[in-house]
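When we follow the numbering used here, the leftmost residue of the sequence shown carries the number 1, and every step to the right adds one.
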Amino acid sequence: MSGIPGVTLRGVEALPVEVEVEITGGMFQFFIVGMPDLAVRESKERVRAALRSLGLNLKGRISVNLAPADIPKEGALLDLPIALGMLQATGHLKDCPKALYMGELSLDGRLRRVRGAVPAAFLARKLGMPIYVPGENAEEIALVKGVEAYYADTLGELFMMLTGQEPLKPVPPAYVPDVPPNAEPDFSDIKGQAAAKRAAEIAAAGHHNMLLVGSPGSGKTMIARALAGILPPLTDDELVETLIVRSTLGLETKPGRVRPFRTVHFTASTVSVCGGGANLRPGEVSLAHRGVLFLDEYTEFSRDLTESLRAPIEDGFITVSRAAGSVEYPSRVLLVLAANPCACGYAGDPVITCKCSPSDIERYRRKLSGPIMDRIDLQINVPRLTPDELLSFTEKDKLPESSAVIRERVIRARKIQEQRWREYGLTCNAEIPEKLVREHLRLGNGERDYLSLMAAKLNLSGRGMSRVLKVSRTIADLSGEEQITKKHIAEALMYRQSRG
Ligand SMILES: [Zn+2]
Numbered sequence: 001m002s003g004i005p006g007v008t009l010r011g012v013e014a015l016p017v018e019v020e021v022e023i024t025g026g027m028f029q030f031f032i033v034g035m036p037d038l039a040v041r042e043s044k045e046r047v048r049a050a051l052r053s054l055g056l057n058l059k060g061r062i063s064v065n066l067a068p069a070d071i072p073k074e075g076a077l078l079d080l081p082i083a084l085g086m087l088q089a090t091g092h093l094k095d096c097p098k099a100l101y102m103g104e105l106s107l108d109g110r111l112r113r114v115r116g117a118v119p120a121a122f123l124a125r126k127l128g129m130p131i132y133v134p135g136e137n138a139e140e141i142a143l144v145k146g147v148e149a150y151y152a153d154t155l156g157e158l159f160m161m162l163t164g165q166e167p168l169k170p171v172p173p174a175y176v177p178d179v180p181p182n183a184e185p186d187f188s189d190i191k192g193q194a195a196a197k198r199a200a201e202i203a204a205a206g207h208h209n210m211l212l213v214g215s216p217g218s219g220k221t222m223i224a225r226a227l228a229g230i231l232p233p234l235t236d237d238e239l240v241e242t243l244i245v246r247s248t249l250g251l252e253t254k255p256g257r258v259r260p261f262r263t264v265h266f267t268a269s270t271v272s273v274c275g276g277g278a279n280l281r282p283g284e285v286s287l288a289h290r291g292v293l294f295l296d297e298y299t300e301f302s303r304d305l306t307e308s309l310r311a312p313i314e315d316g317f318i319t320v321s322r323a324a325g326s327v328e329y330p331s332r333v334l335l336v337l338a339a340n341p342c343a344c345g346y347a348g349d350p351v352i353t354c355k356c357s358p359s360d361i362e363r364y365r366r367k368l369s370g371p372i373m374d375r376i377d378l379q380i381n382v383p384r385l386t387p388d389e390l391l392s393f394t395e396k397d398k399l400p401e402s403s404a405v406i407r408e409r410v411i412r413a414r415k416i417q418e419q420r421w422r423e424y425g426l427t428c429n430a431e432i433p434e435k436l437v438r439e440h441l442r443l444g445n446g447e448r449d450y451l452s453l454m455a456a457k458l459n460l461s462g463r464g465m466s467r468v469l470k471v472s473r474t475i476a477d478l479s480g481e482e483q484i485t486k487k488h489i490a491e492a493l494m495y496r497q498s499r500g
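Below you can see the structure in the form of structure tokens.
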């Protein structure tokens, strides 16, 4: 008896499973052994009904063994290899081609979309095997290069293919246009806010984390969202990385090059943000991988939640442990925080008067601290526009710049950085370690004196100074200048505000 290869998921990784089916005479009985979860145990009913739709009534004592025995098997994606094992054990399918099979069966024999097709395609490639998936999973795995992939929409159709009565249906190669579709909202949709737009451009260019401070209704969320649209388009590899996470969660995986944007609210649980839980799903920080993670109302976040975000934000991956071992999820994100300027929300507002006392404001400002505040390179105020400004009519030739135009500058600045840091395996200014800052971001005498003077004035720490230097480097890269000048430093200092 030879087994049918299937897969199960652990974190964002697919693991091979061998499905062995044995049928002996006697009363009808059906067992599944080998650490199946509830969904796998329920596959008995689906497989039995789906085979009946092909005219096959199962009889006798059926035992299904899922090997290796020590890995927990989860989800309905093993329905298909179990059904094929039955067809083999009953003599209907003589030689089942050696391949990975995955798919959930409906009672009438249709193959349903499953979670994890993208990691499974990578596993197939690693094992040098073809993979067969439900038609609904074909599009997402088309992006995995170098794998022989086929799809079918029903068990009956797959049976006809495997027995040579119908031609195989190869998954067509994916075509993802190189130009990203226009992201929403576009920067040209945002009125005013020149300073915040400029900060967003710098954040995107050097991958600098950013804090937006402004009253409710000032448009912080709009700016954060628009930031995702001026980041360089996802490369093929990055696109597949984001698809792996989405595929593992069973989310829609329409391939496109716009970077992810995910919002976390302060009421979110640590598991939903960082991942884990009983079934080890990735969290928001991994869904935001290669894109923007937006923490709205940052001052309301619990210390526990921000503490748990520190490692994934610094390391670019997150490790979740459970009794049976640990799994790793990717979490390389551009972090954007938003906060009100004070407890009532209206300090500095042009129209509404702030009700907070100076000591209230001082207490509130202290909340803008904590483990991930250390990772913020840029801080910018986002003032609410006055009614006059909101109603003002913009003439057509004075429309604000579009995201596409800004993105071009960001891409140019990124290319300069890639070249500069390539030999160190880094891609952007925000990533560079302290040692490289000292070696590579040398200033002229005048610039050095200016920075020390300002650092003393603003009470900047050594760490704060190197952040200013990195941001200055990005500002110089945006304007294509080789040397960091006082002008660049002065602008970078504006984004430090009062923090050290
Ligand atoms: Zn206030």
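Heads up, the beta-carbon is just placed ideally off N, CA and C, and yes, glycines get one too.
Remember, it's a predicted structure, so these values are computed and weren't measured experimentally.
Assigned with DSSP and collapsed to three states, Tyr424 falls in helix.
Per DSSP, the continuous beta strand (DSSP E) segment holding Ile23 begins and ends at 13 to 24.
Secondary structure at Gly345: coil, using DSSP grouped into helix, strand and coil.
Residue pairing for Gln29: DSSP places it in a beta bridge opposite Arg61. Cβ-Cβ distances below 7 Å link Glu18 to Gly3, Pro5, Ala67 in the same chain, with the five nearest sequence neighbours on each side left out; the list follows chain order. Around the Cβ of Asp477, a 10 Å sphere holds 16 or more other Cβ atoms; the residue is buried. In this structure, Pro341 has its beta carbon less than 8 Å from a heavy atom of ligand 1. Phe187: not part of any alpha helix (DSSP H); DSSP gives it neither H nor E.
Burial state of Asp377 is buried, judged by a 10 Å Cβ sphere holding 16 or more other Cβ atoms. For Met210, the number of other beta carbons within 10 angstroms of its own is at least 16, and it is reported as buried. Scanning its chain for C-beta atoms nearer than 7 Å, with the 5 sequence neighbours on each side dropped, one finds around Arg290 the residues Leu234, Glu238, Glu241, Thr242, Arg259, Pro260, Arg332, in chain order.
Around the beta carbon of Ser286, a 10 Å sphere encloses 16 or more other beta carbons of the protein chains shown; the residue is thus reported as buried.
Inter-segment contact for the stretch 191 to 205 and the stretch 249 to 259 is absent: fewer than three beta-carbon pairs are separated by less than 8 Å. Spatial neighbours of Thr221 in its own chain (CB-CB distance under 8 Å, excluding positions within 5 residues in sequence) are listed in chain order as Thr263, Phe294, Asp296, Ala338.
Taking a C-beta distance under 9 Å as the contact criterion, Arg375 and Glu314 qualify as a contact pair. Relative to ligand 1, the nearest heavy atom lies less than 8 Å away from the CB of Lys355. Leu51 and Ala224 have their C-alpha atoms roughly 51 Å apart.
Beta bridge pairing from DSSP links Thr319 with Glu328. Runs of the beta strand (DSSP E) lying entirely within the stretch 246 to 308 and spanning at least 3 residues, in chain order: 261 to 264, 292 to 295. Put simply, the backbone Cα of Gly370 is about 52 Å away from that of Val47.
Closest option to His440, judged by alpha-carbon separation, among Asp449, Asn429, Ile372: Asn429.
For Asn381, the secondary structure class from DSSP, reduced to helix, strand or coil, is strand.
A distance below 7 Å between beta-carbons, with the five flanking residues on each side excluded, links Glu434 to the following residues of its chain, in chain order: Ser466. Scanning Gly345, Cys344, Tyr346, Pro312 for the CA closest to the CA of Pro330 turns up Pro312. Leu231 is positioned such that its CB atom lies closer than 9 Å to that of Val292.
Within the same chain, Cβ atoms closer than 6 Å to the Cβ of Gly250 are found at Arg115, the five residues on either side in sequence being excluded. Counting every other CB atom within 10 Å of its CB across the protein chains shown gives Gln193 a total of 16 or more, marking it as buried. Less than 9 Å divides the Cβ of Gly103 from the Cβ of Pro134. Apart from the 5 residues on each side of it in sequence, Tyr450 sits with its Cβ closer than 7 Å to the Cβ of Lys486, Ile489 in its chain, given in chain order. Val273 counts as buried, since no fewer than 16 other beta carbons sit within 10 angstroms of its beta carbon. Here DSSP, grouped into helix, strand and coil, assigns Tyr175 to coil.
A straight-line Cα-Cα distance of about 17 Å links Ala149 and Leu15.
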